[in-house]
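Notes to accompany the following structure.
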Amino acid sequence: MEFFRIRRDIPFMRHALVFNVISALTFLAAVFFLATRGLHYSIEFTGGNVIEAAYAQSADIAKVRAAVEGLGLGDVVVQNFGSSRDVMIRVPLRADLKQGDLTTRVFDALCKAEGGAVKAQEGAAAQGQSASRQVCAAGAVEPLRLSSSEVVGPQVGKELAQDGAKALAFVVIGIMIYLAIRFEWKFSVAAIVANLHDVVIILGFFAFFQWEFSLSVLAAVLAVLGYSVNESVVIFDRIRESFRRYRKMTTQETIDHAITSTISRTIITHGSTQMMVLSMLIFGGQTLHFFAIALTIGILFGIYSSVFVAAAIAMWLGVKRDDLIRASAREHDPEDPNAGAVV
Amino acid sequence: MNRYPVWKYALLVVALLVGIVYTLPNFFGEAPAVQVSSGKATLKVDASFVPSVEQILVKAGLKPDFVEFDGNSVKARFADLDSQRKAQDALIAALNPDPNDAGYIVALNLLSRSPRWLTALHALPMYLGLDLRGGVHFLMQVDMKAALTKKADSLAGDIRTLLRDKDIRHAGISRDGDDVSIRFRDAAARTAARTLLLDQLPDLQWKEEAEGSDFMLTGSLKPDAAKRVQSAAITQNITTLHNRVNELGVAEPVIQQQGADRVVVELPGVQDTAKAKDIIGRTATLEMRMVDDSAEARAAETGSGPVPFGDERYVERRGTPIVVKRQVILTGESLTDAQPGFDENHQPAVHLTVDAKGTRIMRDISRDNVGKRMAILLFEKGKGEVVTAPVIRSELGSRFQISGSMTTTEANDTALLLRAGSLAAPMEIIEERTIGPSLGAENIAKGFHSVMYGFAAIAVFMCAYYLLFGMISTMALAFNLLLLVAVLSMLQATLTLPGIAAVALALGMAIDANVLINERVREELRGGASAQAAINTGYERAFATILDSNVTTLIAGLALLAFGSGPVRGFAIVHCLGIMTSMFSAVMFSRGLVNLWYGRQKRLKSVSIGQVWKPGASAPAKA
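The listed protein sequences correspond, in order, to chains A and B.
Whatever position you read off the first sequence (first residue = 1), add 1182 for our numbering.
Whatever position you read off the second sequence (first residue = 1), add 1335 for our numbering.
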């Protein structure tokens, strides 16, 4: 079985300009959406409202979740905590709703789901003064009570965002240094430009569709950066080898040859990884969902950027055979039949 | 050419065995358990408590798998969640008849089911993170202002002592805010005081003012001294929290500093979050005061008279009341160590070590009060209890001992309490997250299944496309997964849901190495190389590429590890480990297998690597 019956080198670099223009446009679109719509941060970044409700009977989590989701407050998390009768609901903070109002709304929805109505009940508070509290009553029964409602501040979020930015900077610098050592600075720049553009595009997608951007997604984005650079490295490695082997080809032809030779490996690897990610998308459940989406976009654009963009940028930066074959005077390629020949 | 020396095969076999042994515990699962530990600083749970727990359970009609003492608490394991609940109720009813004065804490927990021989080998199951096992996550804010206030208080005490030593008269020392103000009647005294204090207390800076007819000297902490106080406060609080949380017996608590003034406490596996909160919220503070043994105080002790002014009445551990002076001599801050031991009469005692300032204070107090009693009080939840009230035998220095009417266990306990009981600044919980295990079980099941299905799909594809080499690649992948899980279990690293995702990603990327190798071998064959040469060259050429690409991904993983926290960190750990195991398995393991299969055949004509399509031929060449 051989999927890649390629007889001739595909002239990728001829269309380098078109590819790069497309990629630049997508990049600009992504930046635009990021700037205008912004990312829909998950509760870990924004902080939120945590509401605890105590039910008289065992709570039906699915019903509770449906009731709260019906309010359209964004991504909510509903889970048991403690006993089967206690439910914890996490709702993201909204700029337009005060915490108190938010809590009331949620309590209302929960109460209605149990077939009751919220009434104010006069009672005596601890110091003896009269106070009214919200009580959910369904006939003579109180099916659920509001145990507490507290705000989880975004203090945690700011630091995480800063740490994420630091991590990104570190990755970029580290990779650039490594590539500059292994190959050459032009490749290093080309790789980083192409692959950062991947990351920004993923973020752009998340901004456009307003998917929830959580810590897992951040981890996925950083992983994609590494993975995508991985991709570029394989191609650069092949370019280096082709420069050594085929001394008669021009730079553009060499690059074309390198990419064509590795296209089979590129597609198969990405296909396999994508199979794994697809499995996560389908079977992985809600938590892994956006993580898998981020990875899918990353993989697809990773192929695009590494094959078309990275090499093209390197070419435009003026990469030449001599850049990569610094020690060619001493090295003898064992396959080269003309090794050691002196004219 | 394609032969591996025997030692390499031996290495692979050893790695395989180690992988299997250390992966096994993860399959045994966990069983619900109930854990009983002490709820009061002065109550102790030890091995002798086991039979009582057993009795209570038997009376409730429950049959635990076992009841044992694990050094900190008594644990009883059950077969299912219902018995666990019933056991908890029974134990609470029997041990804590008065819910407001709970002596014991009965918490739910999870214990691993692996057989003893595995545990003996230190083959423990992976530490499942908060999102997979469920548990509690607390974020505690240290009240830094209070730390500074406390420091100012203790400085006021020091200043008082210093001035008295040098006989410098003053008209009053008070603390306002974080500053200490001293009044003087004349300028000469103030100047003398200032010189002395500048010398003795280098952390303070002074300002001279005049207020009415008095001369004021106001001292405040220098900025970097203040910073030091704050960081010391948080470090000390973390240590205290460690000791507190260890008492709860939660496996692998995570207590870390977060930022400049926050502490994260994560307790996985603890389902009873109210109790966990209780434990962490216990902020016991230590104080030492003199016992008042005047006649009125004695009368107050027996209850026949009122408590004199300037004194307070507390209860000693065995229930006898004691009247102590209100003025605090020493707080737990000055205590640097407390160790159980024996005194010169071979009686159990506790050896205390205090820091320099504490030494000075102890020396002064003990010199003036030989023969009198000094009480050591532990305050919990605003209520105070006298731990011991020993008699001062002689002048004390930096190390002194408390002895008298203590058993060895009591000496141990007191030492532990004194070590654990000092909080430098109050803490409060600002964030609390709990997750029920039901969600955890779902998540982990889904995550694992998705990884399995993905793996299966990849395996099928590889075998179909690359035939025998594909099968070898699949085996290398399986080996990779095995090693990864084993290493994670060995390191007791945290597995979170993003960690499972990282495993999936690592497998996907491990495929890359194998595909590189296979494609390279195919290419060599296509170019006309002989079979053995093709294998050799393929592996060699591919290795450089594999190295480069894995290192770059490793850089990304390391960055996440360094700067990430929580689930991102879990992801990063698995990611980095996955890269390393994938390099090992793709390059060494698969080569080993290939060498085993093909290496010996001298006249190898073809390898089973699927179709090697040669361009330029009218019909595709058959491999």
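For glycine and all other residues, C-beta sits at the position ideal for the given N, C-alpha and C.
No experiment lies behind these values; they were computed from the predicted model shown.
Let me make sure I understand the geometry here. Which of 1482/B, 1350/B, 1402/B, 1636/B has the alpha-carbon closest to that of residue 1761/B?
The shortest CA-to-CA distance from residue 1761/B to any of 1482/B, 1350/B, 1402/B, 1636/B is the one to 1482/B.
Whole angstroms are fine: how far does the CA of residue 1898/B sit from the CA of residue 1905/B?
One alpha carbon belongs to residue 1905/B, the other to residue 1898/B, and they sit about 12 Å apart.
With respect to the alpha helix (DSSP H) encompassing residue 1442/A, which residues constitute its N-terminal and C-terminal limits?
1433-1465 is the extent of the alpha helix (DSSP H) around residue 1442/A.
Check this for me: beta carbons of residue 1514/B and residue 1553/B, under 8 Å apart or not?
It is a contact, given that the beta carbons lie within the stated cut-off.
Helix, strand or coil: which one does DSSP assign to residue 1936/B?
In the structure shown, residue 1936/B sits in coil (DSSP, three-state: anything other than H, G, I, E or B).
Do residue 1348/A and residue 1501/A come within 8 Å of each other at the CB atom, strictly closer than that value?
No.
Under 7 Å Cβ to Cβ from residue 1338/B, same chain only, skipping five residues before and after it: list those, please.
Around residue 1338/B: 1930, 1934.
For residue 1832/B, which of 1412/A, 1481/A, 1478/A, 1474/A has the nearest alpha-carbon?
Out of 1412/A, 1481/A, 1478/A, 1474/A, 1474/A has the C-alpha closest to the C-alpha of residue 1832/B.
Cβ pair residue 1271/A, residue 1258/A closer than 8 Å
Yes; because the gap between Cβ atoms is below 8 Å, this pair is in contact.
What are the residues that DSSP puts in a beta bridge with residue 1379/A?
Partner residues in a beta bridge of residue 1379/A, as assigned by DSSP, do not exist.
Measure the alpha-carbon distance for residue 1510/A versus residue 1421/A and round it to whole angstroms.
Residue placement at residue 1510/A cannot be trusted, given a pLDDT of 46 that sits under 50; what the coordinates show is reported in the next sentence. Straight-line Cα distance between these residues: approximately 15 Å.
Any beta carbon of chain C sitting closer than 8 Å to that of residue 1360/A?
Absent from the structure: chain C. Protein chains present are A and B.
Using a Cβ-Cβ distance under 8 Å, would residue 1952/B count as near chain A?
Caution is warranted here: a pLDDT of 46 is assigned to residue 1952/B, below 50, making its placement in the model unreliable, and the coordinate value is therefore given only provisionally. At a cut-off of 8 Å between beta carbons, residue 1952/B makes no contact with chain A.
Would you say residue 1480/B reaches chain A, if we count a Cβ-Cβ gap shorter than 8 Å as a contact?
Not an interface residue.
Using a C-beta to C-beta distance shorter than 7 Å, which residues of chain A count as neighbours of residue 1884/B?
Ordered by position in chain A, the residues that pass the 7 Å Cβ test against residue 1884/B are 1412, 1415, 1416.
Between residue 1377/A and the rest of its own chain, which residues show a CB-CB distance below 7 Å, the 5 nearest in sequence each way excluded?
Once the five neighbours on either side are set aside, the close Cβ partners of residue 1377/A are 1407, 1410, 1411, 1414, 1487.
By Cβ distance below 7 Å, which residues in the same chain neighbour residue 1791/B in space, the five residues on each side in sequence not counted?
Closer than 7 Å at Cβ, skipping near neighbours: no residue.
Rounded straight-line distance, which links the Cα of residue 1381/B to that of residue 1679/B
Between residue 1679/B and residue 1381/B, the C-alpha separation is close to 28 Å.
Answer yes or no: do residue 1660/B and residue 1493/B have a C-beta to C-beta separation smaller than 8 Å?
Judged by beta-carbon spacing, residue 1493/B lies beyond the 8 Å limit of residue 1660/B, meaning their Cβ atoms are not closer than that value.
Interface residues of chain A around residue 1393/B at Cβ under 7 Å?
Taking a Cβ-Cβ threshold of 7 Å, none of the residues of chain A is close to residue 1393/B; the smallest such distance is about 25 Å.
Are the beta-carbon atoms of residue 1219/A and residue 1389/A separated by less than 8 Å?
Judged by beta-carbon spacing, residue 1389/A lies within the 8 Å limit of residue 1219/A, meaning their Cβ atoms are closer than that value.
Mind checking which residues open and close the beta strand (DSSP E) that includes residue 1742/B?
Residue 1742/B -> no beta strand (DSSP E), and no H or E assigned at all.
Could you say if the segment 1191-1210 of chain A and the segment 1428-1440 of chain A meet the contact criterion of at least three C-beta pairs nearer than 8 Å?
Short answer: they touch.
Assess, as a yes-or-no matter, whether the segment 1810-1822 of chain B is touched by the segment 1353-1360 of chain B under the definition of 3 or more beta carbon pairs within less than 8 Å.
With the cut-off at 8 Å, the segment 1353-1360 of chain B and the segment 1810-1822 of chain B touch.
Am I right that residue 1479/B and residue 1565/B are in contact with their C-beta atoms under 8 Å? What's the rounded C-beta distance?
In this structure residue 1479/B touches residue 1565/B by the C-beta definition: roughly 5 Å separates them, less than 8 Å.
Taking the DSSP output, what are the residues bridged to residue 1440/B?
Looking at the DSSP assignment, residue 1440/B forms a beta bridge with 1372/B.
For the segment 1487-1548 of chain B, which segments carrying the alpha helix (DSSP H) assignment without a break, of at least 4 residues, lie completely within its bounds, in sequence order?
Counting only runs of 4 or more, we get 1522-1535.
Check: residue 1875/B C-beta below 7 Å from any heavy atom of the ligand HEM:
In the structure on display, the ligand HEM does not appear, and there are no ligands present to speak of.
For residue 1660/B, the first and last residue of its enclosing beta strand (DSSP E)
Start and end: 1656-1660.
Under 8 Å between C-beta atoms of residue 1385/A and residue 1221/A
Taking 8 Å as the cut-off, the Cβ atoms of residue 1385/A and residue 1221/A count as close.
Which residue marks the beginning of the beta strand (DSSP E) containing residue 1673/B, and which one marks its end?
From DSSP, the beta strand (DSSP E) with residue 1673/B extends over 1670-1677.
The alpha helix (DSSP H) enclosing residue 1403/B, as first and last residue numbers:
Note, residue 1403/B: premise wrong, no alpha helix (DSSP H); beta strand (DSSP E) at 1401-1404.
For residue 1394/A, list the residues DSSP reports as bridge partners.
Note: residue 1394/A is bridge-paired with 1222/A in the DSSP secondary-structure output.
Touching by the beta-carbon criterion (3+ pairs, under 8 Å), the segment 1875-1887 of chain B and the segment 1851-1863 of chain B:
Yes, the segment 1875-1887 of chain B is in contact with the segment 1851-1863 of chain B.
Look up residue 1824/B in the DSSP assignment and say whether it is helix, strand or coil.
DSSP places residue 1824/B in the helix class (H, G or I) of the three-state scheme.
If you follow the beta strand (DSSP E) that residue 1688/B is in, where does it begin and where does it stop?
Taken as a continuous stretch (DSSP letters only), the beta strand (DSSP E) holding residue 1688/B covers 1683-1689.
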